[in-house]
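Undergrad: Before I ask anything, let me first share the structure, which is written out below as structure tokens.
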Amino acid sequence: MSLLGEFALWIAFLIGIWGAAAGFTGGRTGRADLQRSSRNAVFALAITLLIAMFAVEWLLFARDFNVEYVAAETSRNLPTFYTWSALYAGQKGSLLFWATVLSIFGSLAMLLTAPRHRIYLPYVAGVVCVVAVFFITVMLGAANPFARLPFTPPDGNGMNPQLQNPGMVFHPPMLYLGYISITIPFAFAVAALLSKRLDVDWLVAIRKWTILSWLFLSIGICLGMWWAYVELGWGGYWAWDPVENASFLPWLVMTAFLHSVMIQEKRGMLKKWNLGLILAAWVLSIFGTFITRSGVIQSVHSFTQSPVGSYFSVFLFVSIVLLTILYVTRLPLLQTEAYLESLVSREASFLFNNLMLVGIAVTVLTLTIFPILSELFTGNKIQMKPPAFNVVNVPLGLALLALTGIGPLIAWRRASIPNLKRQFAVPVAAGVAGALIVLVLGMRQVAPIVTIGLACFVMGTVVQEFARGVRARHRQYGEMYPLAFFRLIARNRRRYGGYVVHTGMVMLFVAFTGMAFKIETEASLKPGESVSLRSPYGWTYTFKHLGVSQYDALNRQVTAGTVVVSRDGKTIGTMVPEKRQHVDSFGRPTFQPSTAVAIRSDLREDLYVVLGGVVGGTETAVYRFTINPLVWWVWYGGIVVAFGGVIVMWPGGTVGSNRVASGYTAKLAAANAVGAGE
Amino acid sequence: MREPVAVSRRSFMAMSAGLVLLQTPARPPVAPPPGADSLADGGAAGQLADPDRAGRPLDPVTARDNDAAIQAIEKRLQCTCGCGLDVYTCRTTDFSCTYSPGYHRQVLALAASGMTGDEIVAEFVKEHGESILMAPPRRGFALVGYYGPWTLVGLAAVGLVLLLRAWARRAAGVAVVESPASPVPTPAELELVRRELQHFES
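Same order as they appear, the protein sequences are chains A and B.
One point on numbering: in this note's numbering, the residue at position 387 of the first sequence is 1731, and numbering is uninterrupted.
One point on numbering: in this note's numbering, the residue at position 199 of the second sequence is 749, and numbering is uninterrupted.
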């Protein structure tokens, strides 16, 4: 099976080279046979890479420990659920996963692109093949998932315990899908540049793809936060780790693009900017992959240092140079069709929104690579850790939150003063009221008060937008309010789905303020002893340690502490944090002991208990007890963001919009006739 | 008049047997053998069957370990085990780390010797260099990290305002050139637009 897999990789490599050559030549010369061939090459690439991926899965499930990758990532007693995810748990498998999914997305682009946009497809096929060939080259040259060992170990090393979590089965693929799907809009952008067809057509062709990759990135980032929270045991969900930042960077740039592209579609402006954003998003996605795999920056997520990093740095450098040349030579073709008419307009507010998003991206990038920059200029590595990231990013984040509320309130082209007064009255009142309420309730930290105030302001904007839309439909079409609400969203999914996303973002920002009120304590407790913690809501939680038990599970030896929790004297449940020693099928320890956190959640706060270990081999256990307010709102916020994204990209909205537009035109004509009669 | 409750012979025998059993004196409490589990309130903790499974043996937590001032100092120091966490979070999360407990003991010892938080942090910097800090001091090249992004965003904002003003002026110029050619709306058209706008904005 490893031979079949390796053979498939080589075939895919050759097909990729042919596909790239045929695509670019076919696009340039217009030869239909080459264009067809490039399209078929993408399909063939997908099939061969799927065969290679199937071969890796086969070897993983067969526990063929003679294959280096299988021995490194699995063991005989690894549960089936995680055997599947072993495909992308390690460097080599994840590269194959990357290339395979890219070829599948490429094939979907070939199949689903509307006929009027097919002019771009040969170039798109060429770009997809080039990127896929790069990944296959890395595999064949430095990270072959089919490489064999000179001996066969009796059992494998097993999967890192921290990866044995349901979150890790879904989080990496989601992020990969986000990273990889950016290649499709990028490929269309390159196609538009190469073919010199830089009107709005290519933007229409990539609309769904951009939302799709943004959606995958959003879900992947949220799942990563959830995994970090439930698995790593440090009590938080975001640590500004370089690899977390690497996923955040393309997300920020894609978010900026999703806003600014509306200006190009409506007004024919910002062509250079939008093209630049798509190219930057792709470069950042490759940069993220480079950071994860090169070991150039210290990160808890990084794969082990390997020659893969040098492949990525060369690819990144060559890509940036070629893209810059292509972009600069096409600048004369990217002239604006209109000019902004007023500083107080929706366009201007979107531009400031873009400024903040790109500003945060530049900030995160600068601070992430700060060790490299500082070493380059001063000879000393200066690490920027979470406190420094928070100091710099919190004001920028709050400014962005404010713009989230401001943008929808300002009219396109030009807003008048009376219009601004009418639009801003309710949201500003909501914001001030929100800030005053938390102030009266005893909150004294500035950042959380400002966040709550801004969150209320944005929600005021969203609610006002929905209320006005629903009222207008009710008045115009006589629809009942609930029906008007659903039709309002259905007829303008992009706008109102966007507001749902804004609501999710508000929930996330409010949830982040909870971390300012985190309470924790450490205690060593004998059986029967307890410790109390006072929650920010005023309740007193008592944690009573009952004892420690030890037992064997499938691939681990468990030491579990049992804690009974009561709130204001009333028992509310039992929590069982664990210490796990993973072992292979011979009972030999495979990794350092790890912790499995016990979490008890409700909408207000999480109780988070970590078993650190025991004192002197007795049942006296060392625990860390933490009360984390509002954490569930992070997960709910993520769900709402994803839901809003699904609304935005849900197919079929155009027909409705057309119907509305034609209805509006008919009404206008009728009114015109009446007006003329008068 | 209440009817007498009928009790069968079998029930009567069962109840009698129960009463006899209840009268049986309880066995005297037996001390748990050494090494056995114990759940007695606050009593001595029993030995675990395999303490090695529970990771590195830990010391009991003292009030000093939970001292907010000590925690605040430790949150300014980075653990050097490669986890990227501060010393407090590392020692209360990664219980296999061999670095953070040592740093914790060092912080406690320095605090006991009468040093302030800043002095303790300075002592760590002297020993390990500035890389031990979670947030580098705001001087030298680190200023680029702290203020560079804000400066950049600020300059970009100023540049954007200037650009937008230039665009707005250019758009106004275009409008002035175009205005003579544009048709003058009739009162009926103006009324129609007014009504439609009212509809749209309501």
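In this text, a Cβ means the ideal position worked out from N, Cα and C, and glycines have one as well.
#1: Rank A/His-1515, A/Val-1544, A/Asn-1737, A/Ser-1525 by C-alpha distance to the C-alpha of B/Tyr-696 and give the top, closest one.
#2: Report the residue ranges of all beta strand (DSSP E) runs contained in full by the stretch 1797-1866 of chain A; include only those spanning at least 3 residues, in chain order.
#3: Of the residues B/Val-694, B/Glu-677, B/Ser-650, which one's Cα is nearest the Cα of A/Thr-1712?
#4: According to DSSP, what are the bridge partners of B/Gln-628?
#5: Taking only the alpha-carbon atoms, compute the straight-line gap between A/Asp-1928 and A/Pro-1510 and give it to the nearest angstrom.
#6: Just verifying my parser: in three-state terms, what is the DSSP assignment at A/Ala-1965?
#7: Quick check: does the Cβ of A/Ala-1986 come within less than 7 Å of any heavy atom belonging to the ligand GDP?
#8: Which whole-angstrom value is the C-beta distance of A/Ile-1526 and A/Trp-1617, which I expect to be below 8 Å?
#9: Where in the stretch 1480-1527 of chain A do unbroken runs of the alpha helix (DSSP H), each at least 4 residues long, occur, reported from the N-terminal end onward?
#10: Can you name the residues of chain A whose CB is closer than 8 Å to the CB of B/Glu-680?
#11: Assuming A/Ser-1888 is part of the beta strand (DSSP E), what are its boundary residues?
#12: Using a C-beta to C-beta distance shorter than 8 Å, which residues of chain B count as neighbours of A/Gln-1901?
#13: Should A/Gly-1882 go down as buried or exposed, given a rule of 16 or more other Cβ atoms within 10 Å for buried?
#14: In whole angstroms, what is the alpha-carbon distance linking A/Phe-1601 and A/Trp-1595?
#15: Grab me the residues of A/Val-1984's own chain with a C-beta within less than 7 Å of its C-beta, minus the 5 sequence neighbours each way, in chain order.
#16: Is the stretch 614-626 of chain B close to the stretch 654-669 of chain B, with three or more CB pairs under 8 Å?
#17: Run through the DSSP bridge pairs and tell me what A/Asn-1972 is partnered with.
#18: To the nearest angstrom, how far is it from the Cα of A/Pro-1739 to the Cα of A/Ala-1732?
#19: Quick one, are the C-beta atoms of A/Thr-1424 and A/Gly-1502 less than 8 Å apart?
#20: What's the gap between the Cα of A/Pro-1466 and the Cα of A/Arg-1944?
#21: To the nearest whole angstrom, what separates the beta carbons of A/Val-1386 and A/Ala-1486, a pair I think is in contact under 8 Å?
#22: Just the Cα atoms here: how many angstroms apart are A/Ser-1557 and A/Trp-1428?
#23: Within 8 Å of any Cβ in chain A, is that where the Cβ of B/Leu-660 sits?
#24: Name the chain A residues that come within less than 8 Å of B/Ala-619, Cβ to Cβ?
#25: Report the residue from A/Val-1772, A/Gly-1360, A/Tyr-1821, A/Ser-1346 whose alpha carbon sits nearest the alpha carbon of A/Phe-1398.
#26: Consider the Cβ of A/Ser-1419: report whether some Cβ of chain B lies at a distance smaller than 8 Å.
#27: Output the boundary residues of the beta strand (DSSP E) element that contains A/Val-1902.
#28: Measure the Cβ-Cβ separation of A/Leu-1660 and A/Phe-1631 and say whether it is below 8 Å.
#29: Tell me the rounded alpha-carbon separation between A/Gln-1727 and A/Val-1941.
#30: Three-state secondary structure (DSSP) at B/Pro-737?
#31: Closer than 8 Å, Cβ to Cβ, to anything on chain B: give me those residues from the stretch 1676-1696 of chain A, in chain order.
#32: Hey, would you say A/Met-1483 sits closer than 8 Å to A/Leu-1353, going by beta carbons?
#33: Beta carbon of A/Val-1909, beta carbon of A/Leu-1869: below 8 Å?
#34: Looking at the structure shown, is A/Ala-1759 part of a helix, part of a strand, or coil, going by DSSP?
#35: Using only CA atoms, which one of A/Leu-1898, A/Ala-1366, A/Ser-1657 lies nearest to A/Ser-1629?
#36: From the DSSP output, which residues share a beta bridge with A/Ile-1943?
TA: According to the structure data:
#1: A/Asn-1737
#2: Within the stretch 1797-1866 of chain A, no complete beta strand (DSSP E) segment of 3 residues or longer occurs.
#3: B/Val-694
#4: B/Asp-636
#5: The alpha-carbon of A/Asp-1928 is positioned some 20 Å away from that of A/Pro-1510.
#6: strand
#7: The ligand content of the structure shown is nil, which means the ligand GDP is not present either.
#8: Contact doesn't hold; Cβ gap of about 17 Å is too wide.
#9: 1510-1525
#10: Asn-1724, Ile-1726
#11: According to the sequence provided, residue 1888 of chain A is Lys. The question's Ser does not apply to it. First-last of the beta strand (DSSP E) with A/Lys-1888: 1884-1896.
#12: Asp-600, Arg-603
#13: exposed
#14: 10 Å
#15: Only Val-1844, Thr-1847, Gly-1848, Met-1851 meet the Cβ criterion.
#16: yes
#17: A/Asp-1950
#18: 12 Å
#19: no
#20: 54 Å
#21: In fact, because the Cβ distance is near 25 Å, the residues do not count as touching under 8 Å.
#22: 23 Å
#23: no
#24: Ordered by position in chain A, no residue passes the 8 Å Cβ test against B/Ala-619, which lies about 14 Å from the chain.
#25: With distances taken between Cα atoms, A/Phe-1398 lies closest to A/Ser-1346.
#26: In terms of beta-carbon proximity, A/Ser-1419 stays away from the interface with chain B, with every pair separated by 8 Å or more.
#27: Where A/Val-1902 is concerned, the enclosing beta strand (DSSP E) starts and stops at 1900-1911.
#28: yes
#29: 29 Å
#30: helix
#31: Ala-1682, Tyr-1683, Leu-1684, Glu-1685, Ser-1686, Leu-1687, Ala-1692, Leu-1695, Phe-1696
#32: yes
#33: no
#34: coil
#35: A/Ser-1657
#36: A/Ile-1943 pairs with A/Tyr-1952.
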